[in-house]
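Right, one structure below, let's go through it.
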Amino acid sequence: MIVILKNNPDKAQLTSLLSWLKEKNIDVHESVGISHTILGLVGDTASLDANLISALDIVEDVKRVQEPYKHANRKFHPKPTVIKVRDTQIGGGTLTLMAGPCSVESEEQIVEIAKRVKAAGANILRGGAFKPRTSPYAFQGMGTNGIELLKIAREETGLPIVTEIMDAEQLDYFKDVDIIQVGARNMQNFNMLKKLGRQEKPVLLKRGLSATYEEWLMSAEYIMSGGNHNVILCERGIRTFETYTRNTLDLGAIPVLRRLTHLPIIIDPSHAAGKAWLVPQTAPAAVAAGADGLIIEVHNNPAYAVCDGPQSIKPEVFDKLAAHLQALHEFMKSHPAPEIN
Ligand code: PEP
Ligand code: MN
Numbered sequence: 004m005i006v007i008l009k010n011n012p013d014k015a016q017l018t019s020l021l022s023w024l025k026e027k028n029i030d031v032h033e034s035v036g037i038s039h040t041i042l043g044l045v046g047d048t049a050s051l052d053a054n055l056i057s058a059l060d061i062v063e064d065v066k067r068v069q070e071p072y073k074h075a076n077r078k079f080h081p082k083p084t085v086i087k088v089r090d091t092q093i094g095g096g097t098l099t100l101m102a103g104p105c106s107v108e109s110e111e112q113i114v115e116i117a118k119r120v121k122a123a124g125a126n127i128l129r130g131g132a133f134k135p136r137t138s139p140y141a142f143q144g145m146g147t148n149g150i151e152l153l154k155i156a157r158e159e160t161g162l163p164i165v166t167e168i169m170d171a172e173q174l175d176y177f178k179d180v181d182i183i184q185v186g187a188r189n190m191q192n193f194n195m196l197k198k199l200g201r202q203e204k205p206v207l208l209k210r211g212l213s214a215t216y217e218e219w220l221m222s223a224e225y226i227m228s229g230g231n232h233n234v235i236l237c238e239r240g241i242r243t244f245e246t247y248t249r250n251t252l253d254l255g256a257i258p259v260l261r262r263l264t265h266l267p268i269i270i271d272p273s274h275a276a277g278k279a280w281l282v283p284q285t286a287p288a289a290v291a292a293g294a295d296g297l298i299i300e301v302h303n304n305p306a307y308a309v310c311d312g313p314q315s316i317k318p319e320v321f322d323k324l325a326a327h328l329q330a331l332h333e334f335m336k337s338h339p340a341p342e343i344n
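Here you go:
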């Protein structure tokens, strides 16, 4: 349920409404806009009498929200969420470029790639330390040593780091990480999502291999209902009947999610394409469709990469691509696509 307050509501009446809601175990999310303040009510709102609330002097309107996700819902929070990570911000009109190898392999590898992507204009360094591999016989990642190497690369470049968690038990290892990535395979690891909701670090939540928008937003809701509202959604391609590409990049997710939620939306063209040559060909479409950023796999020696080499682009390609994406982002700001309401 959302309660739209009149302009400059009487403080005493507002306090009494809030304490009445608290008594009823309703969690209230306040969103202050220029002309109106919106109260997003989460909990057993079915038991509340909407007419009773609308009758209050300070209330302009009361609406029931049909969608099962509340905190993630744009109706609760009309302004886009902006997430600050060290000196960079994600969402709210910026284009964030996250780049780096699929997996951290050595200090030389991660530091070299970090320097190259930083010079090209990347804002955040990616690199997997714990790897969710289809085969138990494949390289499983460097684990905590990988996180230490990411920290060295951050020290060298100033780039914040994003890396994937695979199990709630690993959370202690992530205390120095800037953004915690939840991979596609763990999008519905609800125990882990709950735990990530009880800490403050931003979470990059990848879409499950065959998850609907609603299922994905409900996973975001698991994190947000624990108190952590710093969630970034990442579309990384979904399973379809097509086999030429590794997955099918769903660009429709960008405008749809923009309507449904206030959370920032990042596109991963690398895991969607599965082929390096397709990455620079599809990434611009994400910018044109209004993404808040991209996460791109870059490797200094893709032929020898221990993981996802075929979809990793070389630093020299990333140089050109990053410049192209930023220029396109500027162009799109002055030439927005027409909107139909
Ligand atoms: C990754 O980012 O390297 C990864 C494993 O991604 P996804 O969870 O999207 O497959
Ligand atoms: Mn990968």
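In case it helps, my numbering puts the sequence shown at residues 4 to 344. Heads up, the beta-carbon is just placed ideally off N, CA and C, and yes, glycines get one too. Note that the coordinates shown come from a computational prediction; the quantities given were computed from them, not determined experimentally.
For Leu20, the enclosing alpha helix (DSSP H) has its first and last residue at Lys14 to Glu26. By the C-beta density criterion, Gln284 is exposed, having fewer than 16 other C-beta atoms within 10 angstroms. Rounded to the nearest whole angstrom, the C-alpha separation of Ala286 and Ala292 is 10 Å.
By the 16-neighbour rule on beta-carbons within 10 angstroms, His338 is exposed. Residue environment: Trp219 is assigned as buried (16 or more neighbouring CB atoms within 10 Å of its CB, all protein chains considered). For Ser19, the Cβ stays outside the 8 Å cut-off from all heavy atoms of ligand 2. Taking 9 Å as the cut-off, the beta carbon of Leu128 is found closer than this to the beta carbon of Pro163.
The beta carbon of Ile298 sits closer than 8 Å to at least one heavy atom of ligand 1. Ile299 sits close to Ala102, with the two beta carbons spaced by under 9 Å.
Counting C-beta pairs with one atom in each stretch, the region 328 to 338 and the region 149 to 162 have fewer than three that are closer than 8 Å, which means they do not touch. A Cβ-Cβ contact shorter than 9 Å links Val309 with Phe142. Non-local beta-carbon contacts of Lys197 in its own chain, meaning distances under 7 Å to residues more than five positions away in sequence, involve Tyr225 and Gly229 in chain order. Rounded to whole angstroms, the separation of the alpha carbons of Met4 and Gln16 is 19 Å.
CA-to-CA, the gap between Asn28 and Leu263 works out to about 26 Å. Assignment of beta-bridge partners to Cys237 by DSSP yields Lys209 and Ile269.
Restricting attention to Thr84, Gly161 and Glu70, the CA atom closest to the CA of Tyr216 is found in Glu70. Within 10 angstroms of the beta-carbon of Leu212 lie fewer than 16 other beta-carbons, which makes it exposed. If only complete runs of 3 or more residues are kept, the region 108 to 187 shows the beta strand (DSSP E) at 127 to 129, 164 to 168 and 182 to 185, in order along the chain. Listed as beta-bridge partners of Val309 by DSSP are no residues whatsoever. In this structure, Ile93 sits away from Ile41, with a CB-CB distance that is not shorter than 9 Å.
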